[in-house]
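Here is the structure we will look at.
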Amino acid sequence: MNGKRVCLLTGASGRLGTVFCSSSANEYEIIAVYRRHPPAWPSLSRLSSSIQTKEPLDPIHAIQADLRDAADQQRLVDTVLAKFGKVDLLVNSAVHSVWASMLETNRVIDSAAAQFQMNVIVPLQLAVLVARTFWRDHTVENLQANRNIINVSSIAGSRVYPNLGQGVYAASKAALDQLSRHMADEFSTIGIRVNALAPNSFPRIIPTPGVIQSLKKLDQGTMTGRVLILDRDGELLE
Amino acid sequence: MMKPVCLVTGTGGTLGKALCRELSTEYSIIASYRRAEPPVPSQLQWPVDDSEQQNESVYCVRADLNRREDVQRLVEVALARFGHVDAIVNLAADTEFHGKLLELWHDDEYAPMQLQTNCISPLQLVSAVHQYCWKDQSDQNALRNRSVVNISCMSGLYVFSDTSQAFYGASKTALNILTMYLSIELAPYSVRANALCPARFSSRPPTGRIVGAIKELLEGTATGMVLPMTS
């Protein structure tokens, strides 16, 4: 095995996931978790197959999973550990968002539980599963390898943007921010850092490569328990 | 003008009881409770002594606000009884601390339920009152200074280390930001929304002070505020 960091990435077909996969496969062994469509990437291998690509680009390793399903979470983590033997970085970027008025229609209220589940509970469940299955017994190694979790949040979790209909989505991201702080507190006992990355809208307000850059900075740094806000003016730590 | 109508949830607890007693001189109260009815004079209980003559001011409704149909029924009963709702105080909460995250068991339902009780149910109640009452009454809303007060907690603003309250805290953080977004959405209808965040445990303010702060928010002009409160 080469010395690349192993990154478990959820929401790999999303905007952030797609760009991360296409820009970072030479630095990370990326396990790209998708629900419906695999990320568009020429050197895609299936995680559970032995395909070795001859492409000039390093492969990413795609795996389909419905993260709302506990059995699928377990299959995902077990498969990743069977293939790579470790997880250095968990990026929770899978998201469920429904934007509409909270008062005028029932759309948002009907989707509220699902938004909270995908945006708050699933990131925690996955982190806990990796911790229980692997990290918990490797504290020294975790510290040496600077292992960490990055929960992809949103600036809407700490700033109010009127008239976009993102009240429940924002509330779920606020919960994720606070949960990330608590996770940092508790996961420090096993040598795992936890931070949240809270960008403004990308690529509309900030360029997606900038988000990737901040994500890597969080991975390579030493901070924990922080929410890194990315706005058009730059980064702000909360 | 007839007495303002205040819909209060979570009235079975200490704060709910105190709030019902304090408000019942000036407000007509719909007191929602889940298990134990509030021990205050109401249609369910005769006054216990001559000094408590407010039994017509408090109308108790048993409801499980995690059920959408119960939220609907509560609002319909409130309107049937008093004709309108001027204020909502979302006091009902799941205040359990569920232990260490690293010991989380996957099949436990506590996390989604805590988010439902502390965040989604209050939103459903506000939405239902808006649909039934506030939506087409902007003038009345302004005239009657209608508002929502969500009772949150300091745990939504700060991380208290090593207290096993991660999910409780996260649910209250969500409620805080939800309140701010609600205040924006309700503003065009001249309805205000604020959150009050009392500390718990040793720095918890006395119940009377929390009741006073709720009253101030109901009677003031602030909106979009998330107010921390300690002893």
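Going down the list, the sequences are from chains W and G. So for the first sequence, my numbering puts the first residue at 227; every next one is plus one. So for the second sequence, my numbering puts the first residue at 142; every next one is plus one. The C-beta atom is built at its ideal place from N, Cα and C for all residues, glycine as well. Here the structure is a predicted model, which means the values were calculated and not measured.
Any non-hydrogen atom of the ligand FAD closer than 7 angstroms to residue i Cβ
{"i": "Thr371 of chain G", "result": "This structure lacks the ligand FAD; in fact it carries no ligand of any kind."}
Spatial distance of residue i from residue j (CA atoms)
{"i": "Trp462 of chain W", "j": "Leu423 of chain W", "result": "In the sequence on display, residue 462 of chain W carries Leu and not Trp. Approximately 10 angstroms between the Cα atoms of the pair."}
{"i": "Ala221 of chain G", "j": "Gly451 of chain W", "result": "49 angstroms"}
{"i": "Val321 of chain W", "j": "Gln341 of chain W", "result": "8 angstroms"}
{"i": "Val289 of chain G", "j": "Arg208 of chain G", "result": "20 angstroms"}
{"i": "Val306 of chain W", "j": "Leu256 of chain G", "result": "30 angstroms"}
{"i": "Ser305 of chain G", "j": "Ala410 of chain W", "result": "13 angstroms"}
{"i": "Leu148 of chain G", "j": "Val354 of chain W", "result": "40 angstroms"}
{"i": "Thr150 of chain G", "j": "Ala340 of chain G", "result": "19 angstroms"}
{"i": "Ala396 of chain W", "j": "Leu337 of chain G", "result": "19 angstroms"}
{"i": "Thr279 of chain W", "j": "Leu368 of chain G", "result": "At Thr279 of chain W, the pLDDT of 49 sits below 50, so the modelled position is not reliable; the number obtained from the coordinates is stated separately. Going from the Cα of Thr279 of chain W to the Cα of Leu368 of chain G covers about 57 angstroms."}
{"i": "Phe310 of chain W", "j": "Ala266 of chain W", "result": "23 angstroms"}
{"i": "Ala328 of chain G", "j": "Pro263 of chain G", "result": "18 angstroms"}
{"i": "Val453 of chain W", "j": "Leu245 of chain G", "result": "23 angstroms"}
{"i": "Ile428 of chain G", "j": "Leu298 of chain G", "result": "Residue coverage of chain G in this structure runs from 142 to 372, which leaves residue 428 of chain G outside it and unanswerable."}
{"i": "Ser233 of chain G", "j": "Val334 of chain W", "result": "Checking the sequence shown, residue 233 of chain G turns out to be Ala, not Ser. For Ala233 of chain G and Val334 of chain W, the distance between alpha carbons rounds to 21 angstroms."}
{"i": "Gly393 of chain W", "j": "Gly229 of chain W", "result": "43 angstroms"}
{"i": "Met143 of chain G", "j": "Glu217 of chain G", "result": "19 angstroms"}
{"i": "Val267 of chain G", "j": "Val437 of chain W", "result": "36 angstroms"}
{"i": "Thr359 of chain W", "j": "Gly240 of chain W", "result": "27 angstroms"}
{"i": "Gly157 of chain G", "j": "Pro179 of chain G", "result": "7 angstroms"}
{"i": "Ala258 of chain W", "j": "Asp304 of chain W", "result": "15 angstroms"}
{"i": "Ser440 of chain W", "j": "Gly447 of chain W", "result": "10 angstroms"}
{"i": "Ile292 of chain G", "j": "Ala297 of chain W", "result": "37 angstroms"}
{"i": "Ser384 of chain W", "j": "Leu456 of chain W", "result": "12 angstroms"}
{"i": "Ala269 of chain G", "j": "Ile170 of chain G", "result": "17 angstroms"}
{"i": "Ile277 of chain W", "j": "Ala308 of chain W", "result": "With a pLDDT of 45 at Ile277 of chain W, under the threshold of 50, the predicted position of this residue should be treated as unreliable, and no value is reported."}
{"i": "Cys294 of chain G", "j": "Arg345 of chain G", "result": "10 angstroms"}
{"i": "Arg231 of chain W", "j": "Gly310 of chain G", "result": "33 angstroms"}
{"i": "Phe342 of chain G", "j": "Thr371 of chain G", "result": "10 angstroms"}
{"i": "Asp205 of chain G", "j": "Thr258 of chain G", "result": "10 angstroms"}
{"i": "Pro210 of chain W", "j": "Ser398 of chain W", "result": "The first residue shown for chain W is 227 and the last is 464, placing residue 210 of chain W beyond what the model contains."}
{"i": "Ala338 of chain W", "j": "Asn332 of chain W", "result": "10 angstroms"}
Within 8 angstroms, strictly: CB atoms of residue i and residue j
{"i": "Cys161 of chain G", "j": "Ala177 of chain G", "result": "no"}
{"i": "Ser323 of chain W", "j": "Thr236 of chain W", "result": "no"}
{"i": "Arg407 of chain W", "j": "Asn374 of chain W", "result": "no"}
{"i": "Pro375 of chain G", "j": "Gln343 of chain W", "result": "Outside the shown range of chain G, which is 142 to 372, sits residue 375 of chain G, and nothing can be said about it."}
{"i": "Pro83 of chain G", "j": "Ala228 of chain G", "result": "No answer is possible for residue 83 of chain G: it lies beyond the span of chain G, which begins at 142 and ends at 372."}
{"i": "Thr320 of chain G", "j": "Asn335 of chain G", "result": "yes"}
{"i": "Val346 of chain W", "j": "Ala401 of chain W", "result": "yes"}
{"i": "Pro435 of chain W", "j": "Ser380 of chain W", "result": "no"}
{"i": "Ser312 of chain G", "j": "Cys274 of chain G", "result": "no"}
{"i": "Cys201 of chain G", "j": "Gln213 of chain G", "result": "no"}
{"i": "Leu302 of chain W", "j": "Ala288 of chain W", "result": "no"}
{"i": "Gln404 of chain W", "j": "Thr314 of chain G", "result": "yes"}
{"i": "Thr364 of chain G", "j": "Ser324 of chain G", "result": "yes"}
{"i": "Leu242 of chain G", "j": "Glu412 of chain W", "result": "yes"}
{"i": "Val356 of chain W", "j": "Leu316 of chain W", "result": "yes"}
{"i": "Ile416 of chain W", "j": "Arg458 of chain W", "result": "no"}
{"i": "Val352 of chain G", "j": "Glu163 of chain G", "result": "yes"}
{"i": "Ala238 of chain W", "j": "Pro285 of chain W", "result": "no"}
{"i": "Leu293 of chain W", "j": "Leu352 of chain W", "result": "yes"}
{"i": "Val386 of chain W", "j": "Tyr322 of chain G", "result": "yes"}
{"i": "Val313 of chain W", "j": "Leu234 of chain W", "result": "yes"}
{"i": "His239 of chain G", "j": "Phe308 of chain G", "result": "yes"}
N-terminal and C-terminal residue of the beta strand (DSSP E) that residue i is part of
{"i": "Met409 of chain W", "result": "Looking at the DSSP string, Met409 of chain W is not in any beta strand (DSSP E); the run it does join, the alpha helix (DSSP H), is Gly393 to Phe413."}
{"i": "Pro263 of chain G", "result": "Note, Pro263 of chain G: premise wrong, no beta strand (DSSP E); alpha helix (DSSP H) at Ser262 to Val270."}
{"i": "Gly460 of chain W", "result": "Gly460 to Leu463"}
{"i": "Arg203 of chain G", "result": "Val199 to Arg203"}
{"i": "Gln290 of chain W", "result": "Ile286 to Gln290"}
Bounding residues of the alpha helix (DSSP H) (the contiguous stretch that carries residue i)
{"i": "Cys247 of chain W", "result": "Arg241 to Ser250"}
{"i": "Ser440 of chain W", "result": "Thr434 to Gln446"}
{"i": "Val352 of chain G", "result": "Thr348 to Glu360"}
{"i": "Val334 of chain W", "result": "Arg333 to Phe342"}
{"i": "Ile256 of chain W", "result": "Per DSSP, Ile256 of chain W belongs to no alpha helix (DSSP H); it is in the beta strand (DSSP E), Tyr254 to Tyr260."}
{"i": "Asn368 of chain W", "result": "Thr365 to Gln370"}
{"i": "Asn323 of chain G", "result": "Residue identity differs from the one stated: residue 323 of chain G is Leu in this sequence, not Asn. That run of the alpha helix (DSSP H) goes Ala307 to Leu327."}
{"i": "Val290 of chain G", "result": "Segment Ser288 to Ile292 is the beta strand (DSSP E) holding Val290 of chain G; no alpha helix (DSSP H) there."}
{"i": "Leu220 of chain G", "result": "Arg209 to Phe223"}
Can you give me, in chain order, the residues of the segment 326-358 of chain W that have a beta carbon less than 9 angstroms from any beta carbon in chain G?
-> Ser327, Met328, Leu329, Glu330, Asn332, Val334, Ile335, Ala338, Ala339, Phe342, Gln343, Val346, Ile347, Leu350, Gln351, Ala353, Val354, Leu355, Ala357 and Arg358
Residues from the segment 408-430 of chain W in contact with chain G, defined by Cβ distance under 9 angstroms = His408, Met409, Ala410, Asp411, Glu412, Phe413, Thr415 and Ile416
Compile a chain-ordered list of the residues in the segment 261-288 of chain G whose CB is closer than 9 angstroms to at least one CB of chain W.
-> Ile261, Leu264, Gln265, Val267, Ser268, His271, Gln272, Trp275 and Lys276
If you pair each beta-carbon of the segment 325-342 of chain G with each one of the segment 284-300 of chain G, do three or more pairs fall below 8 angstroms?
-> yes
Mind the definition here: the segment 236-251 of chain G touches the segment 265-274 of chain G only if three or more C-beta pairs lie below 8 angstroms; say whether that holds.
-> no
The segment 389-403 of chain W: which residues have C-beta closer than 9 angstroms to a C-beta of chain G, in chain order?
-> Asn389, Gly391, Gln392, Gly393, Val394, Ala396, Ala397, Ser398, Lys399, Ala400, Ala401, Leu402 and Asp403
Three CB pairs or more closer than 8 angstroms across the segment 245-264 of chain W and the segment 323-340 of chain W | no
Where the segment 372-387 of chain W meets chain G: residues whose CB sits under 7 angstroms from a CB there = Gly383 and Val386
Going along the segment 233-246 of chain G in order, which residues come within less than 7 angstroms of chain W, judged by CB to CB distance?
-> Lys241, Leu242, Leu243 and Leu245
With 9 angstroms as the limit, tell me which residues of the segment 292-322 of chain W have their beta carbon closer than that to any beta carbon of chain G; keep them in chain order.
-> Ala296, Gln299 and Gln300
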